[in-house]
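Chemist: Please see the structure below; I have some questions.
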Amino acid sequence: MVSVVTIKVDETFKRDAAIGEIAARLGVRAERGRRFAELTSLRVGGAIDWVAVPDTEEQAAGFVNELDKIKIAWRPLGSGSNVLADDGEHHYVIVSLKELKADPIFDGERVSVSAGYSLPRLCIDAARHGLSGIEGLNGIPGTVGGALWMNAGAFGQEIGTVVESIRVARDGRVIEIPGSEVKWNYRHTSFREGELLLGTTLLLRPDDVEKIRERMEEAKGQRMSTQPHGARSAGCFFKNPPDSAGTGRIIDDLGLKGSRRGGAVVSEKHANFIVTEGEDAKASDALELAEEIRERVKREHGIDLEYEVEVWRSENR
Ligand code: EPU
Numbered sequence: 029m030v031s032v033v034t035i036k037v038d039e040t041f042k043r044d045a046a047i048g049e050i051a052a053r054l055g056v057r058a059e060r061g062r063r064f065a066e067l068t069s070l071r072v073g074g075a076i077d078w079v080a081v082p083d084t085e086e087q088a089a090g091f092v093n094e095l096d097k098i099k100i101a102w103r104p105l106g107s108g109s110n111v112l113a114d115d116g117e118h119h120y121v122i123v124s125l126k127e128l129k130a131d132p133i134f135d136g137e138r139v140s141v142s143a144g145y146s147l148p149r150l151c152i153d154a155a156r157h158g159l160s161g162i163e164g165l166n167g168i169p170g171t172v173g174g175a176l177w178m179n180a181g182a183f184g185q186e187i188g189t190v191v192e193s194i195r196v197a198r199d200g201r202v203i204e205i206p207g208s209e210v211k212w213n214y215r216h217t218s219f220r221e222g223e224l225l226l227g228t229t230l231l232l233r234p235d236d237v238e239k240i241r242e243r244m245e246e247a248k249g250q251r252m253s254t255q256p257h258g259a260r261s262a263g264c265f266f267k268n269p270p271d272s273a274g275t276g277r278i279i280d281d282l283g284l285k286g287s288r289r290g291g292a293v294v295s296e297k298h299a300n301f302i303v304t305e306g307e308d309a310k311a312s313d314a315l316e317l318a319e320e321i322r323e324r325v326k327r328e329h330g331i332d333l334e335y336e337v338e339v340w341r342s343e344n345r
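Count along the sequence shown from 1, then add 28; that gives the number in our numbering.
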């Protein structure tokens, strides 16, 4: 028994030393002792082995390549506004893209922007340049990378429709792939785990600045009046099933607004939002509440709700 423990400790030690060495060699800031509760908008979730924070797209590409070579698992994270990580210990490296946030470069109808840039800021910048196509996405509290990963959408617009090209990490380098090579579905894309999105060039349409601003304000106003803001949420929790009244309406009609499990509550404002409250809220509270909702909807309507938030399990890596 003692020898098994010794081998494990030894392996962990070697792995940590290797990660530390790669980060130092490539000049990537690497932090220990962080928790998902600090890095996600739901403010829940357990300990993370390492959080690496590259400063440039090239550095990020080089870093994940080194990890891949020695088979160390990693996962990219933007602003953590669509992630529910469980309460366990997550033994993988989080590659935080939040420092890839250089000012976007506008060139005619195109804008090139890195993955860590704020999506709402990009919407405002584009409007200022008289460019239309993403004004409906204003107010989605995420990064450009996260929006690309899941084809973020709102108010009739989806980011995938305006993507000309995407920069991804391949074999340690930054390469550009056409947006047309990606499948852009409802809140889902053909990107695979292990793929790191570093930036994009969007092709937008010129329009009157005031008209774009008006549409942007309208979208923001609607969002403020129908969705909780300032609360700890991850946006809509479930996808809308095809040909349905919408998940929010379904959950609302079941009278589940205000239902609570520990520190997780079904929002009174929009029933497809689970919000967390208090210092003691746990990821398991949100997951249990979500499963209760799924069971109820299955029982009463025969519909299998699909998670829209990404659920990250600690034991799977
Ligand atoms: N509704 C209720 N009760 C509720 C919530 C909604 O009756 O508690 C009703 C509304 O009155 C409306 C219908 O359900 O008749 C649809 O609601 P809403 O207009 O709020 O849109 P949604 O389908 O719930 C979708 C996206 C949102 C996006 C909005 C605006 C999904 C799962 N959700 O919400 O995206 O912001 O449209 O375009 O596709 C997200 O992706 O995280 C997200 C919040």
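Positions of the beta carbon are idealized from the N, C-alpha and C atoms, including for glycine.
What first and last residue would you give for the beta strand (DSSP E) that runs through L105?
Modeler: Taken as a continuous stretch (DSSP letters only), the beta strand (DSSP E) holding L105 covers W102 to L105.
Chemist: Could you check how far apart the C-beta atoms of E163 and C151 are, in whole angstroms? I think they sit under 8 angstroms.
Modeler: Right, their Cβ atoms sit about 6 angstroms apart.
Chemist: Taking the alpha-carbon positions, what's the A52 to V92 distance?
Modeler: Whole-angstrom Cα-Cα distance: 14 angstroms.
Chemist: Just reading off the alpha helix (DSSP H) that G173 is part of, what are its end residues?
Modeler: That run of the alpha helix (DSSP H) goes V172 to M178.
Chemist: Does the Cβ of N179 lie closer than 7 angstroms to at least one heavy atom of the ligand EPU?
Modeler: No - the ligand EPU has no heavy atom lying nearer than 7 angstroms to the Cβ of N179.
Chemist: Between the stretch 81 to 100 and the stretch 109 to 119, can you find at least three pairs of beta-carbon atoms closer than 8 angstroms?
Modeler: Contact between the stretch 109 to 119 and the stretch 81 to 100 is absent, because fewer than three Cβ pairs lie under 8 angstroms.
Chemist: Only counting runs of 4 or more residues, tell me where the alpha helix (DSSP H) segments fall wholly within the stretch 247 to 309, in order along the chain.
Modeler: Taking only runs of at least 4 residues, the alpha helix (DSSP H) segments lying wholly in the stretch 247 to 309 are 275 to 281.
Chemist: Quick check: the Cα distance between E319 and F265, rounded to an integer number of angstroms?
Modeler: Those two C-alpha atoms are separated by around 11 angstroms.
Chemist: With C-beta atoms as the reference, is R198 less than 8 angstroms away from G227?
Modeler: No, the Cβ-Cβ distance between R198 and G227 is not below 8 angstroms.
Chemist: Would you say the beta carbon of G286 is closer than 7 angstroms to some non-hydrogen atom of the ligand EPU?
Modeler: Not so, every heavy atom of the ligand EPU lies at least 7 angstroms from the Cβ.
Chemist: Under a criterion of Cβ closer than 5 angstroms to any non-hydrogen atom of the ligand EPU, which residues qualify, in chain order?
Modeler: Taking each Cβ in turn, the ones that pass are A182, F183, T254, G263, C264, N268, G274, G276, R277, D280, H298 and A299.
Chemist: Going by other Cβ atoms of all chains shown within 10 Å of its Cβ, with 16 needed for buried, is P82 buried or exposed?
Modeler: Buried is the call here.
Chemist: Taking the CB atoms as reference points, tell me whether L230 and V202 lie closer together than 8 angstroms.
Modeler: For L230 and V202, no; Cβs fall outside 8 angstroms.
Chemist: Give the single residue among W102, P169 and K36 whose Cα lies nearest to the Cα of T356.
Modeler: With the chain represented from 29 up to 345, any question about residue 356 goes unanswered, as that position is not in the structure.
Chemist: Would you kindly report the start and end of the unbroken beta strand (DSSP E) that includes V141?
Modeler: First-last of the beta strand (DSSP E) with V141: R138 to S142.
Chemist: Comparing the C-beta of R243 with each C-beta of chain C, is any distance below 8 angstroms?
Modeler: In summary, chain C is missing from the structure at hand, where a single protein chain is found.
Chemist: Can you give me the Cβ contacts of S140 inside the same chain, cut-off strictly under 6 angstroms, excluding the 5 residues immediately before and after it?
Modeler: Taken in chain order, the residues that qualify are I133 and T229.
Chemist: Tell me the DSSP secondary structure of F64 in three-state form.
Modeler: Residue state, collapsed to three classes: helix.
Chemist: Going by C-alpha distance, which of M244, K36, G48 and R341 is nearest R149?
Modeler: The option with the nearest alpha carbon to R149 is M244.
Chemist: Taking C-beta to C-beta, are R251 and G167 nearer than 8 angstroms?
Modeler: In this structure, G167 lies closer than 8 angstroms to R251 by Cβ.
Chemist: By Cβ distance below 8 angstroms, which residues in the same chain neighbour I100 in space, the five residues on each side in sequence not counted?
Modeler: Closer than 8 angstroms at the Cβ level, and outside the excluded window around I100, lie R43, A46, I47, Y120 and V121.
Chemist: Quick one, are the C-beta atoms of L224 and V123 less than 8 angstroms apart?
Modeler: The answer is yes: Cβ separation under 8 angstroms.
Chemist: Kindly identify the DSSP beta-bridge partner or partners of S193.
Modeler: Beta-bridge pairing links S193 to P206 and T229.
Chemist: Opposite H119 in the DSSP bridges: which residues?
Modeler: Paired residue(s): none; H119 is not in a bridge.
Chemist: Can you give me the Cβ contacts of S218 inside the same chain, cut-off strictly under 6 angstroms, excluding the 5 residues immediately before and after it?
Modeler: So the qualifying residues of the chain are V210 and K211.
Chemist: Could you have a look at T40 and say whether DSSP puts it in helix, strand or coil?
Modeler: Three-state DSSP puts T40 in a helix.
Chemist: Looking at L70 and A299, is the spacing between their C-beta atoms short of 8 angstroms?
Modeler: Their beta carbons are not under 8 angstroms apart, which means A299 does not touch L70 by this criterion.
Chemist: Hey, A292 and A314 are a contact pair by Cβ (cut 8 angstroms); roughly how many whole angstroms apart?
Modeler: About 4 angstroms separates the two Cβ atoms, so the contact holds.
Chemist: Looking only at DSSP bridge pairs, what is Y335 linked to?
Modeler: Partner(s): F266.
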